[in-house]
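In terms of the working numbering, the sequence shown opens at residue 41 and continues consecutively.
We treat Cβ as the ideally placed atom computed from N, Cα and C, and that holds for glycine.
Fair warning: this is a prediction, and the values are worked out from it, not measured in the lab.
One structure is given here, and the rest of the page talks about it.
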Amino acid sequence: MVRVSRAELAHAASQMRERGLIEASQFVSALATSLPRDKPRTRLVEAEEDDASFELARIYFEQRQYRQCASALKDASDSKSCFLRWHALALDAVGKPEELQALRSSLVLASDTDAFHAYLHATLLIECEAYEEAKIELGKSIRKFPLNWSAWMALAKVVTGPGELANLDLPKEHFMADFFSAFLAVEFQDCVKALEIYQHLAADFPNSDYVVAQAALVHYNLRNFDRAQALYEQLLVKDPERIQGMDVYSNILYVKESFAELSFLAHRAMETAKYTPEACCIAGNYFSLRQQHEKAVLYFRRALKLNPDYLSAWTLMGHEYLELKNPPAAIDAYRRAVGVSPRDYRAWYGLGQTYEFLQMPYYALYYYRRAAQLRPTDARMWCAMGQCYESEKLDMASAAIRCYRRAYINDDREGVALHKLANLHKQLGQDEYAAHYFRKNLIRINEEKATGSDAVEALLFLAAHCRNIGSLSEAEEYCTQLLDFGGPAKEKAKSLLMEIRNMQDLQDTPSPGGMDISYSP
């Protein structure tokens, strides 16, 4: 007769689980729990026997067999086993209000003494939308065990802004509070503050991939695409198989129209991590850049099947539907993105673009305002609002001017705001203001060596304006610059130049008689 102890089997199951042999571990754990407890029992043997039940329960949990997990631990009394049992029951009770309420009642007392039980209680409160109570429980959990990053992340879901942190009793001197503050700064688009904190954390954790990835994300949000790309490529050099965060990297390659790099990234992602949302998102960006929008939608849908709360996929799918001239589908995708995270400005901005495409400026303006509230220093939000105010249905030039001024103040990289401000003031007959903005736009165009019709329009207006106010030398200079352009602009410049020189000749001609005649009374 083969003799084997329960503790021996529990130890073997633990070793196999640590090596990833899940099925073998489950089999041996089940055998262990079928044996009677060893006698006599030392504390070590007792712990190993208890581990057999916990090991089996943990395997059930990982396989999402939550009721079996809870059943395997029904006689457990230690804190770790009770937590896993309640955690399994909580996950099984999602969408079942009565069961959630019963579980909440069971956890109230336990949460006072154990950090993990307090965290679990808080997650149930969040599920029941009792956010204020959840904040209290999460604060309690974090104070007792600050290293539980899941508790910090749960807290991030329920705080309404970074300013609220001052009112929460948190271990602010702990380094985890810095990680949390930086994460929250990214969430609420305070990118400068986030970057400062991550630079500080990089000194304390010099080899942290998380810190590098978050810094890359901040640079992406700041539209510092070259710096963000360099950081993501640094991560890939360290770990060529990395998939986490590579969806954002693919966004950068898409914006920069880096076909070869995006193609390489997409092929590698599909080879190494085909069934991950990130890989599907990267493939979607690849097909979008190739103008294969139907295929892009297909891959974004695959990403959402793998993770229905994958924010980027909903937003990017909305963009694709807009490209396909399918506004209802785009609106649905953007609304789903807003449902996942109301803090993400991209979905609100996408809704604004869709309603603007539908020539519904009142609706578009509402969504652009929401985007601007989340991203007040982004010139694109203000330019979009300005375009709505300019539309025929609203025709609110003064409001449009205010928006474009905000865009200009917030570093409008595309130069849209200056050109719009100049034209709006021109339409309102405010030529001095128009000339001011045309000059500024001309300086920008020359500095950036940009091409297009904006320079011609600015030069023509400034030449005519300076002629009208008598600044003939300046008008002549603008006309001379116009001669470098072809087409009608060149002919117009020649005509203006002739007028200006005639006016200069008249100024230089002395008055008839040329004598000073004085009369005496």
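Where residue 382 falls: helix, strand or coil (DSSP): Here the question's residue 382 lines up with position 342 in the sequence shown. Residue 382: coil per DSSP, three-state reduction.
Nearest neighbour of residue 120, chosen from 112, 143 and 94 [CA to CA]: Along the sequence shown, read from residue 1 onward, the residue named residue 120 stands at position 80. It is 94.
CB contact flag (residue 142, residue 125, <8 Å): Numbered from its first residue, the sequence shown carries residue 142 at position 102. Numbered from its first residue, the sequence shown carries residue 125 at position 85. Contact flag unset, no.
Cα-Cα separation between residue 345 and residue 320, rounded to whole angstroms: To locate residue 345, count along the sequence shown from 1; it is residue 305. To locate residue 320, count along the sequence shown from 1; it is residue 280. Residue 345 and residue 320: Cα-Cα distance of roughly 10 Å.
Proximity winner among 148, 172 and 460, relative to residue 446 (alpha-carbon distances): Counting from 1 along the sequence shown, the entry for residue 446 is found at position 406. For residue 446, the nearest C-alpha among the options comes from 460.
Option nearest residue 275 by Cα separation, candidates 256, 263, 233 and 306: For the purposes of this step, residue 275 is taken as the residue at position 235 of the sequence shown. Comparing Cα positions, the closest option is 256.
Alpha-carbon to alpha-carbon, residue 330 and residue 499: Here residue 499 is taken as the residue at index 459 of the sequence shown, counted from 1. Here residue 330 is taken as the residue at index 290 of the sequence shown, counted from 1. Spanning the two alpha carbons is a distance of roughly 38 Å.
Short Cβ contact (8 Å threshold) for residue 347 with residue 367: For the purposes of this step, residue 347 is taken as the residue at position 307 of the sequence shown. For the purposes of this step, residue 367 is taken as the residue at position 327 of the sequence shown. No, they are not a contact pair.
C-beta contact flag for residue 183 and residue 164 at 8 Å: On the sequence shown, residue 183 is found 143 positions in, with the first residue counted as 1. On the sequence shown, residue 164 is found 124 positions in, with the first residue counted as 1. Between residue 183 and residue 164, the C-beta gap is not smaller than 8 Å, which leaves the two residues out of contact.
Beta-carbon proximity list for residue 420, same chain, < 7 Å, skipping 5 on both sides: Indexing the sequence shown from 1 puts residue 420 at position 380. Closer than 7 Å at the Cβ level, and outside the excluded window around residue 420, lies no residue.
Neighbourhood of residue 380 by C-beta distance below 7 Å, restricted to the same chain and skipping five residues each side: Reading the sequence shown from its first residue, position 340 is the one you call residue 380. Within the same chain, residue 380 has close Cβ partners 349, 351 and 354.
Range of the contiguous alpha helix (DSSP H) that encloses residue 358: In the sequence shown, counting from the first residue as 1, residue 358 sits at position 318. It spans 351–363 - the alpha helix (DSSP H) in which residue 358 sits, taken as one unbroken run.
DSSP state of residue 219 mapped onto helix, strand, coil: Your numbering for residue 219 matches position 179 in the sequence shown. Helix at residue 219.
Per-residue DSSP class, three states only, for residue 469: The sequence position of residue 469 within the sequence shown is 429, counting from 1. In this structure, residue 469 counts as coil in the three-state DSSP scheme.
Residue 92 versus residue 112 - alpha carbon distance: Reading the sequence shown from its first residue, position 52 is the one you call residue 92. Reading the sequence shown from its first residue, position 72 is the one you call residue 112. Residue 92 and residue 112 have their C-alpha atoms some 10 Å from each other.
Candidates 413, 449 and 136, of which the one nearest residue 385 by Cα: Counted from its first residue, the sequence shown places residue 385 at position 345. With distances taken between Cα atoms, residue 385 lies closest to 413.
CA-to-CA distance, residue 441 to residue 435, given in whole angstroms: For the purposes of this step, residue 435 is identified with residue 395 of the sequence shown, where counting begins at 1. For the purposes of this step, residue 441 is identified with residue 401 of the sequence shown, where counting begins at 1. Rounded to the nearest angstrom, the two C-alpha atoms are 12 Å apart.
Nearest-angstrom Cβ-Cβ length linking residue 424 and residue 408, presumed shorter than 8 Å: Your numbering for residue 424 matches position 384 in the sequence shown. Your numbering for residue 408 matches position 368 in the sequence shown. Rounded, the Cβ-Cβ distance is 5 Å, consistent with contact.
Residue 251 versus residue 232 - alpha carbon distance: The residue labelled residue 251 in the question sits at position 211 within the sequence shown. The residue labelled residue 232 in the question sits at position 192 within the sequence shown. Taking the straight line from one Cα to the other gives about 15 Å.
Where residue 538 falls, given that 16 or more other Cβ within 10 Å makes a residue buried: Position 498 of the sequence shown holds residue 538. Label assigned to residue 538: exposed.
When 249, 211, 197 and 244 are compared against residue 180, the one with the closest alpha-carbon: To locate residue 180, count along the sequence shown from 1; it is residue 140. Minimum Cα distance to residue 180 is reached at 211.
Coarse secondary structure for residue 82, derived from DSSP in three states: Position 42 of the sequence shown, counted from the first residue, corresponds to residue 82. In this prediction, residue 82 scores a pLDDT of 43, lower than 50, which makes its location untrustworthy; the coordinate-derived value is nonetheless stated afterwards. Three-state DSSP puts residue 82 in coil, outside helix and strand.
Residue interval of the alpha helix (DSSP H) (run including residue 244): The residue given as residue 244 occupies position 204 in the sequence shown. Under the DSSP assignment, residue 244 falls in the alpha helix (DSSP H) whose first and last residues are 231–244.
N- and C-terminal bounds of the alpha helix (DSSP H) containing residue 417: Counted from its first residue, the sequence shown places residue 417 at position 377. It is not in any alpha helix (DSSP H) - residue 417 carries neither H nor E in the DSSP assignment.
Contact under 8 Å by Cβ, residue 387 with residue 396: Translated into positions along the sequence shown, residue 387 becomes position 347. Translated into positions along the sequence shown, residue 396 becomes position 356. Not in contact: residue 387 and residue 396 (Cβ atoms no closer than 8 Å).
6 Å CB neighbourhood of residue 486 in its chain, flanking five on each side removed: Reading the sequence shown from its first residue, position 446 is the one you call residue 486. So the list is empty, once near-sequence residues are dropped.
Beta-carbon separation (whole angstroms), residue 131 vs residue 106, contact threshold 8 Å: Stepping through the sequence shown from its first residue, residue 131 is reached at position 91. Stepping through the sequence shown from its first residue, residue 106 is reached at position 66. About 5 Å separates the two Cβ atoms, so the contact holds.
Cα-Cα separation, residue 277 to residue 187: On the sequence shown, residue 277 is found 237 positions in, with the first residue counted as 1. On the sequence shown, residue 187 is found 147 positions in, with the first residue counted as 1. Going by the C-alpha atoms only, they are around 29 Å apart.
Three-pair Cβ contact test at 8 Å for the segment 264–271 versus the segment 448–455: no
Candidates 526, 340 and 513: closest to residue 496 by CA position: Here residue 496 refers to the residue found at position 456 when the sequence shown is read from its first residue. Out of 526, 340 and 513, 526 has the C-alpha closest to the C-alpha of residue 496.
Selection from 153, 228 and 207 that minimises the alpha carbon distance to residue 411: Numbered from its first residue, the sequence shown carries residue 411 at position 371. That would be 228, whose Cα lies nearest to the Cα of residue 411.
Contact under 8 Å by Cβ, residue 444 with residue 422: Walking along the sequence shown from the start, residue 444 turns up at place 404. Walking along the sequence shown from the start, residue 422 turns up at place 382. Cβ atoms of residue 444 and residue 422: closer than 8 Å.
Inter-residue spacing [alpha-carbon to alpha-carbon] between residue 44 and residue 148: Translated into positions along the sequence shown, residue 44 becomes position 4. Translated into positions along the sequence shown, residue 148 becomes position 108. Distance between the alpha carbons of residue 44 and residue 148: 41 Å.
8 Å Cβ cutoff met for residue 241 and residue 222: Here residue 241 refers to the residue found at position 201 when the sequence shown is read from its first residue. Here residue 222 refers to the residue found at position 182 when the sequence shown is read from its first residue. Contact: yes.
Reduced DSSP secondary structure (H/G/I, E/B, other) of residue 315: The residue labelled residue 315 in the question sits at position 275 within the sequence shown. In this structure, residue 315 counts as coil in the three-state DSSP scheme.
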